[in-house]
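To keep things clear, I will list the structure first and then write my remarks on it.
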Amino acid sequence: MTKEQNEIVGREIEFLKQLHQAAQMGRDTLEHVNNNIGPGELRNAVEKDIFDYSDVCAQVTKKLEARDCEPKPVGKMARTMASMMIDMKIKDDTAENEIAKMIIDGTTKGVTECAAKLGEYADVNDDIKNICYKLLWIQQKNIDEMKGFLYN
118 MTKEQNEIVG REIEFLKQLH QAAQMGRDTL EHVNNNIGPG ELRNAVEKDI
168 FDYSDVCAQV TKKLEARDCE PKPVGKMART MASMMIDMKI KDDTAENEIA
218 KMIIDGTTKG VTECAAKLGE YADVNDDIKN ICYKLLWIQQ KNIDEMKGFL
268 YN
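The structure is reproduced here in structure tokens:
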């Protein structure tokens, strides 16, 4: 493999690891939200989104394993901070529209970061970029679903 090819493979691995972290953070955060809300339509929507994020994690893990690499987990500090924020904001009497706003805010941040990564890694394989596009689609779908809970 040439030096240029090695650099591209290295960038693909780094991008995949970052995609995994983004999908893992989305999944883990929604799982924490899910643990703090009761049964109902909001919970059903959140559970579907958790499944979608898990699917992206699995796709990325498979691509990394094919390159003899492992995903890089989200840092403990980031996970702890996200969990603490959720615990502070979601109480037994928190309205669904407030929870939906919180999910929209977090997911919007994820969309922004994911879109920026597409620009940063424009030179990687289209197959890998397509996973990022799928993650963006999931995030946008998540936002659109949560908008429906703003009016409750």
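The numbering of the sequence shown is the numbering used here, which starts it at 118 and goes up by one. Cβ coordinates follow ideal geometry from the N, Cα and C atoms, glycine included.
Between the stretch 250-267 and the stretch 157-171, the count of C-beta pairs closer than 8 Å reaches three or more; the two stretches touch. Between the stretch 193-212 and the stretch 144-157, the count of C-beta pairs closer than 8 Å reaches three or more; the two stretches touch. Between the stretch 171-183 and the stretch 134-142, the count of C-beta pairs closer than 8 Å reaches three or more; the two stretches touch.
In its chain, beyond the 5 residues on either side, Arg128, Phe132 have a beta carbon closer than 7 Å to the beta carbon of Tyr238. Judged by DSSP secondary structure, Cys186 falls outside any alpha helix (DSSP H); it is assigned neither H nor E.
Distance from the Cα of Lys246 is smallest, within the candidate group Thr197, Leu235, Trp254, Gln256, for Leu235.
Taking all protein chains shown into account, Asp185 has fewer than 16 neighbouring C-beta atoms within 10 Å of its C-beta and is therefore exposed. Taking the Cα positions, Tyr170 is about 22 Å away from Glu215.
Thr146 counts as buried, since at least 16 other C-beta atoms from the protein chains shown sit within 10 angstroms of its C-beta. The alpha carbon of Glu164 has as its nearest neighbour, out of Leu267, Ile220, Ala232, Cys231, the alpha carbon of Ile220.
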